[in-house]
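Below: the structure, in structure tokens.
There are 2 protein chains.
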Amino acid sequence: MSLEGYRGKALDILSKLNVNIGDIIEISRDSFKIKGILMPSYSRDDSIIVIKMENGYNVGISVDNSKISVLEKRIQKPLNVMPEKEEKSEVKIISTGGTIASKIEYETGAVRPALSTEEIIQFMPEINEIAKISAEILFSILSENMSPDKWIKIAEAIKSAFDKGNLGVVIAHGTDTLAYTAAALSFSLKKLQGPVVLVGSQRSSDRPSSDSPINLYSSVLLAKKAPFGEVVINMHGESSDLYTLAHRGVKVRKMHTSRRDAFQSINDKPLAKVLWLEKEIKILRPDYHTKDEETTVDSKFDNRVFLLKYYPGFDPSFIDYLVDTKKIRGIIIEGTGLGHTSTELLDSFKKAAKDGIFLGMTSQCIFGRVNMNVYTTGRLLQQVGVVPLEDMLPEVALVKLMWVLAHENDIEKIKNLMLTNLVGEINSRHSLDFFPRWYHE
Amino acid sequence: MSLEGYRGKALDILSKLNVNIGDIIEISRDSFKIKGILMPSYSRDDSIIVIKMENGYNVGISVDNSKISVLEKRIQKPLNVMPEKEEKSEVKIISTGGTIASKIEYETGAVRPALSTEEIIQFMPEINEIAKISAEILFSILSENMSPDKWIKIAEAIKSAFDKGNLGVVIAHGTDTLAYTAAALSFSLKKLQGPVVLVGSQRSSDRPSSDSPINLYSSVLLAKKAPFGEVVINMHGESSDLYTLAHRGVKVRKMHTSRRDAFQSINDKPLAKVLWLEKEIKILRPDYHTKDEETTVDSKFDNRVFLLKYYPGFDPSFIDYLVDTKKIRGIIIEGTGLGHTSTELLDSFKKAAKDGIFLGMTSQCIFGRVNMNVYTTGRLLQQVGVVPLEDMLPEVALVKLMWVLAHENDIEKIKNLMLTNLVGEINSRHSLDFFPRWYHE
């Protein structure tokens, strides 16, 4: 009998019914009746059983005063997971950790990455119907601990997966630094045989409102069927569970600490909308990068860089320290408005530029494009060597700079590469509807 | 004759018609006819004349092949601007510089703050119909050069204006650091006899699409008539010119480099909507701070602080430098997700906290609230002394910390004040509609 996570009262009742995780059950009380698949439980309350409903969501219901009946015993067939040796999978799921692969630590109540990819798939058995998958646990870390050296390992694992004949790759990853990793992989994998879909989850798998199953399911669908050879982040598109969005890896940002639709495209449109219930991928922009014949990996990063967010009262001597003591090679400035800082910083920037340090300007507004030709300050900053980086997101400009510095030493070549649109990180055409609509009533 | 800025062809034609700036004229060509007030011109093309239309916008039209007729000669009555000595104004306009008070430098084509408040009012003579105003030029700086010592001077000028009997105060200010100043004034002026309305402009006054006249007009309306005693930023609410929004000074951010509706409330609702054409102020939330009997100013700031935006690869030794060498007193961390950094930073944070340095956590997601109880990393960060700062914006938390550090030395009192909601900077109740809606088609 398989009743993982159940204890006490719920375990008693489920055992007596001879029910297993994966069976279809019905639970009814006075006013309602819910049908769905019995899921593993991580609830601290031992009277709760967890059911996955037809809309993909889990719901936790107390067994107290409830009637449970087994509608369908599902034979415990082995999951459609390929052992590592078999090479005929269509989609490879590479797990790096994060909420999408986590469960509650009972001792502290906190969430910790622990579940294997196989266990994740248990949450969404329907994945077996859309693709033959193989699974690999590359790391098991919370994504706030992700680092440039690990980006390289992920890029290599992706290349290896395509070399083995997979049509697409899914990367399960924490959401905290998901966008940084997406940018790093975008610059590292400029030629791709298929989609690389990064996916995370904002609510852990054991919570009723978890976005894990739907995000994972639609990511496998994308990895198998999307027509592009690009790195995307695929997450809930809005607070409903009707669709997910595939955002270009260099034009996306986590915009909310907890919402399921936290990831949104900035200064760009998403590449595709995934209507997961209909198993349909709707391409939102036709100018995607098509699949290449082969996958090439060129993943190296120099993290002698700094992301400087300007604010009133900023002490210019911090810049001198970065240059003189830390010997950094580049600074991405998150300036104000169209790309400014106080003119008090000019001398330090001038000195840094003379030392051959790259200085790039982005905006803390996030939306829009820097333009350093409108105001006197912008012109003065350019004169001392600060380069306006168009509409690049500060975080993406930073990751790009790490990548560029690992490939070039000549400052003119570095500037040139930073201003060249390598993988869609610079969007020369903005449209009014890139700016979201606030509610004002 | 008053024809400021006109040269060449346009000057010739206007002179022959004996027309003055401020007169109502009509210009017609084959297909269209436009009626409005003749405005000063700063166009580089000497054939362009600028007309302010009834909807408040300026439009530039070439005199070539056009017929111009004077509909109404307006007597050049002196503007309703009080000289400094007269104390019976209702609204005081304090100008600090920025686009709202700027014109094009002909020699470089760049924009520079230069216009006097009187000149600004010329752009919107209707202001005279809603309030008796008096004007003061406090600074003439681009707001990227704003600094904590200048915040204090603005706060004092506001107090002085209320002491002289004004009903409200308008601060004309550049948009780059407008939100930082709004936060600084909010903490400095906890008791206010009336509204303090900060206003800027995203497009300079000489451009047809300038938001200066409408923003200024509706700000004077707010300053005179709004029922609250709070510091707000009042700017275009959406791309149309139908209304402006008054955002609470500690819950607003510049979210776009160039759009007129760049300023938006984050994690909160705006306080009011100003339907300027109808001269109507619609209060959007009833829980505003009402007017106090007197205005008190308590404006001091300690800028031995740092705003640290975390990213993968961040070098923890930078924190040691801030603590050991720069002797800073506090760090606002702009962490990832719910409030995290790599655990590699733990040792440096621990050391900093032991040295009595305040460490506060905000999120680079911008939207939402930090929660450092969900994941192991958050708990570890709290254990070494990092304080989760609820839903405060990183920039607001930084300004608040500067203010708190100038008032307290005891670390427990500092922590306590940082977690106390002083002027609405912490919003304990979020609603789903605070997150804007992206377009996904």
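Residue numbers (UniProt numbering), protein chains in the order written: chain A, 1 to 441; chain B, 1 to 441.
For every residue, glycine included, the Cβ atom is placed at its ideal position computed from N, Cα and C.
Let me confirm a value: residue i is counted as buried when at least 16 other C-beta atoms fall within 10 Å, else exposed. Which label applies?
i	result
M53(A)	exposed
S258(B)	buried
K413(A)	exposed
Q364(A)	buried
K327(A)	exposed
T96(B)	buried
D261(B)	buried
G22(A)	buried
T325(A)	exposed
T290(B)	exposed
P213(A)	buried
K33(A)	exposed
G330(B)	buried
P286(B)	exposed
Q383(A)	exposed
L71(B)	exposed
D355(A)	exposed
D176(B)	buried
G8(A)	exposed
N58(B)	buried
L432(A)	exposed
N18(B)	exposed
S239(B)	exposed
Check residue i in the structure and name its three-state DSSP category.
i	result
R260(A)	coil
R379(A)	helix
K159(B)	helix
L14(B)	helix
V323(A)	helix
K77(A)	The predicted model places K77(A) with a pLDDT of 48, which falls under 50 and marks its position as unreliable, so this point remains unresolved.
T175(A)	coil
M124(B)	coil
G360(B)	strand
K67(A)	strand
N234(B)	strand
H430(B)	coil
F306(B)	strand
K291(A)	coil
E412(A)	helix
F228(A)	strand
Provide the residue span of the beta strand (DSSP E) that contains residue i, from first to last.
i	result
S95(B)	V91 to S95
E26(B)	I24 to S28
M39(A)	K33 to M39
I61(B)	N58 to S62
E136(B)	I133 to I137
K273(B)	A272 to L275
R7(B)	Taken as a continuous stretch (DSSP letters only), R7(B) belongs to no beta strand (DSSP E), as it is neither H nor E.
K254(A)	V252 to K254
E390(B)	That residue, E390(B), is in no beta strand (DSSP E); it is neither H nor E in DSSP.
Tell me which residue opens and which closes the alpha helix (DSSP H) that residue i is part of.
i	result
T99(B)	No alpha helix (DSSP H) holds T99(B); DSSP gives it neither H nor E.
I130(B)	I127 to I130
L221(A)	S212 to K225
V396(A)	P394 to L405
L346(B)	L346 to K354
Less than 8 angstroms between the CB atoms is what I'm expecting for residue i and residue j, so what's the real figure, rounded?
i	j	result
T99(B)	Q202(B)	7 angstroms
I266(A)	L307(A)	Incorrect: roughly 16 angstroms between the Cβ atoms, too far for contact.
T336(B)	E144(A)	5 angstroms
L405(A)	V305(A)	7 angstroms
Do the region 245-261 of chain B and the region 420-430 of chain B touch if we need at least three Cβ pairs shorter than 8 angstroms? Taking a contact to require three or more Cβ pairs closer than 8 angstroms, the region 245-261 of chain B and the region 420-430 of chain B qualify as touching.
Kindly confirm or deny that the region 285-304 of chain A and the region 147-161 of chain A touch, where touching means at least three C-beta pairs closer than 8 angstroms. With the cut-off at 8 angstroms, the region 285-304 of chain A and the region 147-161 of chain A touch.
At a cut of 8 angstroms, does the region 221-229 of chain B reach the region 265-283 of chain B through at least three beta carbon pairs? Contact between the region 221-229 of chain B and the region 265-283 of chain B is established, with three or more Cβ pairs separated by less than 8 angstroms.
Could you check whether the region 364-376 of chain A touches the region 222-238 of chain A, counting it as contact only if at least three pairs of C-beta atoms, one from each stretch, sit closer than 8 angstroms? No, the region 364-376 of chain A is not in contact with the region 222-238 of chain A.
Would you say the region 140-155 of chain A touches the region 188-201 of chain A, given that touching needs at least three Cβ pairs under 8 angstroms? Enough Cβ pairs lie closer than 8 angstroms, so yes.
Three or more C-beta pairs below 8 angstroms linking the region 304-323 of chain A and the region 347-355 of chain A: Yes, the region 304-323 of chain A is in contact with the region 347-355 of chain A.
Please identify, using Cβ separations under 7 angstroms, the residues of the region 250-283 of chain B that lie next to chain C, in order along the chain. Chain labels in this structure do not include chain C; the protein chains are A and B.
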